[in-house]
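Protein chains in written order, with the working numbering: chain A, 1 to 434; chain B, 1001 to 1434.
Reading through the structure tokens given below for one structure.
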């Protein structure tokens, strides 16, 4: 046993790092000193975390920089009253290493990991910005469809039963089983609280009071969200990022990086796919709230809808291509689909598999949308619309779309049906707006 | 670390036990000596294992007895060329302890477990016999429906997301993830080999040659079995027995004991349910082969069909009752189904859940049937029909039923539809019989 992993002893014993502590700690790591260059005393270090859970430091020397993320033993947004295990840094590190192998250049490079300190030092992403902020500014990202569809296809396919033996798959599931506290956050905040009275829920009052009440009383919706929750808990199809919204993606014109996989676990593929699609749908329906003059964002909005279609289309194309060429797992044994007829029948089944996956994605996209409007954690797509009534109008459109997607998922047979429904709601006016 | 768990050292280091070794070993255990009574030299010890995998010893003194099961490092039926991990004894012991708590008196009591020796000493079941043998003799078991439905309802419900928190559930899945070698046997022998050319396959030739070829070429069936295989690998709904055929059940007129859970893992509930139903359907369609005069087993066969209906009916009734009164898990949160309307809507969803479970059971029952006729491991229901043509006729009926159940599972909406289909085939004649 490594003594350094004993709490309270050794140089790496857990303690919350301040800037000065971090400087001393990093200065003790030769590889980091070499990477940064310059004298440790000259490094600039600042804590910049704006997420909900962790400390994030930017460290810069004259010639280089890095990002350091340290988990806190509680939820940063809430404080010590909501404890959260440090082990999430371990799972995040494991996921990052895995993703780097499967989707090179699409996640930040890990430079150093210290398990007892729950700390990871990573490549500094500069001049990347959080994609959500870019979308609010109507910035288009020409690489995004290509990159995110590669990330999804590679990470999901190669951790699925289509690529792994059942033994490898079970080992992977077991490796991430301990990350249950992070899964529990999702189970509560996405799949339960928005549909019941919960202290932490909030919404744009008074405009959405009636909608929030309706969601709390809609039993068909409660059955639908409960089925999705069960699917989330009991379908370890692949290693998920687990929190793949546009705030977990950093972008430039020419690069895309997926960050923050601390919610990683083996779950239903549709959850990651739905996270991307749902957050893009929210960006689309929030866009009207960021207009200064009517129609000024019209071509950006067209790009957003094309992007949504592209994410699914390219993901499906790449996933299917991998399935056709890299299917070394225990699922769908090739020996049962030999010859021309076998190949043709398997191809039909691949399409059917993708259709089932798409249904899951539609449902989860809806769940991710609803939680951002009626639950605890909102997003700036809507929050940065200063006019509360205008914000509520945009949110009401998203709620209407999401409710329909969740209840009628099987009727959305193509991604075009989803973007069509979103476009139809772009100018819809809720009762309170009339 | 316990030195006794090091291979090759200490008193419990693994070695294959002979009768004499076992006597010395048991004589060194005070609790066992007290349990058995008498002088160790006077104990009678005989190896009686007739299963496919392990050694089984019966140890008797003048006043008592016990059964000792030791795992071999290979498949007994095949020999050292097919290695199999000793760890299965660990998983079997964990499952037995779990089942004893959930279904008291329905599994053999564990008296002693030695992990390094891969050995478990258990209550001697006497005068119990293997149920499959009793069914061949047309013996009815009045306790069976009551007991097996209790076993299924209790073990499946209380290890599901309806009863456990998501964290407890993930821990359970991880605890059994290492039993993948036993799962792999199922994945290969049940879900793959019978549908392709495999050296170990056998069937009653020449009568079933055409049927075996048809099963190897039926691509719709290959899709159906592949979907079931994927469900088996990726649906950890509950802790399964994993091998719940009528050879894993010991019975008397008044008692039922489920034995041999070494295939235990978290999987789809329908797999255990389908195992029981499928094996009873085989007993039913094998029954004609054990007639000496036509119709002499008619009332036994009626009892068998009633038993099949009773197994599902009572299981569903008990499972639903547990769900209504003991639902402390994270699935279907009660707070989403409050008031009279909520309770009514949840009850509708419970019925829908059971319908989905039944579909799974129908599919898995079919898979369990087909593997016993076209795969490696056959069962004595059919094997003990000495007249090969008569045996093949019975097997052909079972294959026809199973094929239809697998391809048309959704059309079997009730257990009555299953027993009706079986009854319709009871006198059906395949081409080769005409």
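A virtual CB, placed ideally from N, CA and C, is assigned to each residue, including glycine.
Q: Apply the 10 Å Cβ neighbour rule to residue 429 of chain A and answer buried if 16 or more other Cβ atoms are within range, or exposed otherwise.
A: Translated into the one-based positions of the first chain, residue 429 of chain A becomes position 429. For residue 429 of chain A, the number of other beta carbons within 10 angstroms of its own is below 16, and it is reported as exposed.
Q. Which value, in whole angstroms, describes the spacing of the CA atoms of residue 19 of chain A and residue 57 of chain A?
A. Against the first chain, residue 19 of chain A aligns to sequence position 19. Against the first chain, residue 57 of chain A aligns to sequence position 57. Cα-Cα distance, rounded: 8 Å.
(Q) Quick check: is the beta carbon of residue 226 of chain A nearer than 9 Å to any beta carbon in chain B? (A) Reading the first chain from its first residue, position 226 is the one you call residue 226 of chain A. For residue 226 of chain A, the answer is yes, since a Cβ of chain B falls inside 9 Å of its Cβ.
Q: Starting from the beta carbon of residue 1367 of chain B, find every residue of chain A whose beta carbon is closer than 7 Å, and list them in chain order.
A: Translated into the one-based positions of the second chain, residue 1367 of chain B becomes position 367. Those within 7 Å of residue 1367 of chain B in chain A number zero; the least Cβ separation is about 13 Å.
Q: Use the C-beta contact count for residue 143 of chain A: other C-beta atoms within 10 angstroms, 16 or more gives buried, fewer gives exposed.
A: In the first chain, residue 143 of chain A corresponds to position 143, counting from 1. It is exposed - the Cβ of residue 143 of chain A has fewer than 16 other Cβ atoms within 10 Å.
**Q.** Beta-bridge partners of residue 1249 of chain B, as assigned by DSSP
**A.** In the second chain, the residue the question calls residue 1249 of chain B occupies position 249. Looking at the DSSP output, residue 1249 of chain B shares a beta bridge with B:1258.
Q: Put residue 1105 of chain B into one of helix, strand or coil per three-state DSSP.
A: Counting from one through the second chain, the residue named residue 1105 of chain B turns up at place 105. Coil, per DSSP.
Q. Can you find a C-beta in chain A that's less than 9 Å from the C-beta of residue 1024 of chain B?
A. Translated into the one-based positions of the second chain, residue 1024 of chain B becomes position 24. Residue contact check for residue 1024 of chain B against chain A: no CB pair falls below 9 Å.
Q. Cβ of residue 248 of chain A less than 9 Å from any chain B Cβ?
A. To locate residue 248 of chain A, count along the first chain from 1; it is residue 248. Closer than 9 Å to the CB of residue 248 of chain A there is not a single CB belonging to chain B.
Q: Would you check if the distance between the CB atom of residue 250 of chain A and the CB atom of residue 382 of chain A is smaller than 9 Å?
A: Position 250 of the first chain, counting from 1, holds the residue named residue 250 of chain A. Position 382 of the first chain, counting from 1, holds the residue named residue 382 of chain A. It is not a contact, given that the beta carbons lie outside the stated cut-off.
Q: Measuring only between beta-carbons, confirm whether residue 1173 of chain B sits less than 9 Å from chain A.
A: Here residue 1173 of chain B refers to the residue found at position 173 when the second chain is read from its first residue. Residue contact check for residue 1173 of chain B against chain A: a CB pair falls below 9 Å.
Q) Alpha carbon to alpha carbon, how far is residue 1006 of chain B from residue 1117 of chain B? A) To locate residue 1006 of chain B, count along the second chain from 1; it is residue 6. To locate residue 1117 of chain B, count along the second chain from 1; it is residue 117. At residue 1006 of chain B the pLDDT is 41, less than 50, meaning the model places this residue with poor confidence; the figure from the coordinates comes in the next sentence. Taking C-alpha positions only, residue 1006 of chain B is separated from residue 1117 of chain B by approximately 11 Å.
Q. Which parts of the stretch 1094-1174 of chain B are runs of the beta strand (DSSP E), unbroken and 3 residues or longer, counting only runs that do not cross its ends?
A. You should have 1110-1114, 1119-1123.
Q: Kindly list, in the order they appear in chain A, the residues whose Cβ is closer than 8 Å to that of residue 1345 of chain B.
A: Position 345 of the second chain, counting from 1, holds the residue named residue 1345 of chain B. Neighbours of residue 1345 of chain B on chain A, chain order: 219, 220, 222, 223.
(Q) If we define contact as Cβ-Cβ less than 9 Å, is residue 1378 of chain B a contact residue for chain A? (A) For this step, residue 1378 of chain B is matched to residue 378 along the second chain. Output row for residue 1378 of chain B: interface = no.
Q. Taking Cβ positions, are residue 1371 of chain B and residue 1194 of chain B nearer each other than 9 Å?
A. Here the question's residue 1371 of chain B lines up with position 371 in the second chain. Here the question's residue 1194 of chain B lines up with position 194 in the second chain. In contact: residue 1371 of chain B and residue 1194 of chain B (Cβ atoms closer than 9 Å).
Q: Inspect the CB distances between the stretch 1394-1412 of chain B and the stretch 1192-1212 of chain B and report whether three or more fall short of 8 Å.
A: Yes, they touch.
(Q) Can you check whether the C-beta of residue 1074 of chain B is within less than 9 Å of a C-beta belonging to chain A? (A) The residue given as residue 1074 of chain B occupies position 74 in the second chain. Chain A, which has no Cβ nearer than 9 Å to the Cβ of residue 1074 of chain B, makes this no.
Q. Shorter than 9 Å from the beta carbon of residue 1091 of chain B to some beta carbon of chain A?
A. As a first step, residue 1091 of chain B must be located in the second chain, where it is residue number 91. Interface flag for residue 1091 of chain B against chain A is unset, since no Cβ pair is found closer than 9 Å.
Q) Rounded to whole angstroms, how far is the Cβ of residue 66 of chain A from the Cβ of residue 36 of chain A, which I believe are closer than 8 Å? A) Residue 66 of chain A sits at position 66 when you count from the first residue of the first chain. Residue 36 of chain A sits at position 36 when you count from the first residue of the first chain. With a Cβ gap of about 7 Å, residue 66 of chain A and residue 36 of chain A count as contacting.
**Q.** Beta bridge counterpart(s) of residue 65 of chain A as assigned by DSSP
**A.** The residue given as residue 65 of chain A occupies position 65 in the first chain. Bridge partners of residue 65 of chain A: A:60.
Q) Who are the neighbours of residue 1196 of chain B on chain A, taking C-beta pairs under 7 Å? A) Residue mapping note: residue 1196 of chain B aligns to position 196 of the second chain, counting from 1. Simply 335, 336.
Q) Three-state secondary structure (DSSP) at residue 92 of chain A? A) The residue labelled residue 92 of chain A in the question sits at position 92 within the first chain. Helix at residue 92 of chain A.
Q. Among residues of its own chain, excluding the 5 on either side of residue 1426 of chain B, which ones have a beta-carbon nearer than 8 Å to its beta-carbon?
A. Taking the first residue of the second chain as position 1, residue 1426 of chain B is located at position 426. Taken in chain order, the residues that qualify are 1284, 1285, 1288, 1301, 1397.
Q. Where do the ends of the beta strand (DSSP E) carrying residue 1266 of chain B lie?
A. Taking the first residue of the second chain as position 1, residue 1266 of chain B is located at position 266. Where residue 1266 of chain B is concerned, the enclosing beta strand (DSSP E) stretches over 1265-1267.
Q | Supposed contact pair residue 94 of chain A and residue 161 of chain A - C-beta distance, whole angstroms, cut 8 Å | A | Walking along the first chain from the start, residue 161 of chain A turns up at place 161. Walking along the first chain from the start, residue 94 of chain A turns up at place 94. Contact between residue 161 of chain A and residue 94 of chain A is absent: CB atoms are separated by about 20 Å, not below the 8 Å threshold.
Q) Helix, strand or coil: how does DSSP classify residue 14 of chain A here? A) Along the first chain, one-based indexing puts residue 14 of chain A at 14. In the three-state DSSP reduction, residue 14 of chain A falls in the coil class, being neither helix nor strand.
Q.
For the stretch 1401-1409 of chain B against the stretch 1210-1228 of chain B, do three or more pairs of beta-carbon atoms, one drawn from each stretch, fall closer than 8 Å, so that the two count as touching?
A. Contact between the stretch 1401-1409 of chain B and the stretch 1210-1228 of chain B is present, because at least three Cβ pairs lie under 8 Å.
Q: Could you tell me whether the Cβ of residue 112 of chain A comes closer than 9 Å to any Cβ of chain B?
A: Within the first chain, the letter at position 112 stands for residue 112 of chain A. False, the Cβ-Cβ gap to chain B never drops below 9 Å.
Q) Considering only the beta carbon of each residue, do residue 1268 of chain B and residue 1248 of chain B sit closer than 9 Å? A) On the second chain, position 268 is the one that residue 1268 of chain B refers to. On the second chain, position 248 is the one that residue 1248 of chain B refers to. It is not a contact, given that the beta carbons lie outside the stated cut-off.
Q: Would you mind sorting residue 328 of chain A into buried or exposed? The rule is 16 or more other CB atoms within 10 Å of its CB.
A: Start at 1 with the first residue of the first chain, and residue 328 of chain A comes out as number 328. Sixteen is the threshold: since fewer than 16 other Cβ atoms of the shown chains lie within 10 Å of the Cβ of residue 328 of chain A, the residue is exposed.
Q | Proximal residues to residue 274 of chain A (C-beta, below 8 Å), its chain only, five neighbours per side dropped | A | In the first chain, counting from the first residue as 1, residue 274 of chain A sits at position 274. These residues qualify, in order along the chain: 360, 361, 362, 363, 364, 365, 366, 367, 368.
Q. Excluding five sequence neighbours on each side, which residues of the same chain lie with their C-beta closer than 7 Å to the C-beta of residue 1291 of chain B?
A. Mapped onto the second chain, residue 1291 of chain B falls at position 291. In chain order, 1297 place their CB closer than 7 Å to the CB of residue 1291 of chain B, counting only its own chain and leaving out the 5 sequence neighbours on each side.
Q.
Check whether chain A comes within 9 Å of residue 1394 of chain B, counting only Cβ atoms and requiring the distance to be less than that.
A. Walking along the second chain from the start, residue 1394 of chain B turns up at place 394. With 9 Å as the cut-off, residue 1394 of chain B does not count as an interface residue toward chain A.
Q: For the alpha helix (DSSP H) containing residue 30 of chain A, list its first residue and its last residue.
A: Locating residue 30 of chain A in the first chain gives position 30, counting from the first residue. Per DSSP, the continuous alpha helix (DSSP H) segment holding residue 30 of chain A begins and ends at 30-36.
(Q) Quick check: what's the CA-CA separation for residue 419 of chain A versus residue 307 of chain A? (A) Taking the first residue of the first chain as 1, we reach residue 419 of chain A at position 419. Taking the first residue of the first chain as 1, we reach residue 307 of chain A at position 307. C-alpha separation (whole angstroms): 10 Å.
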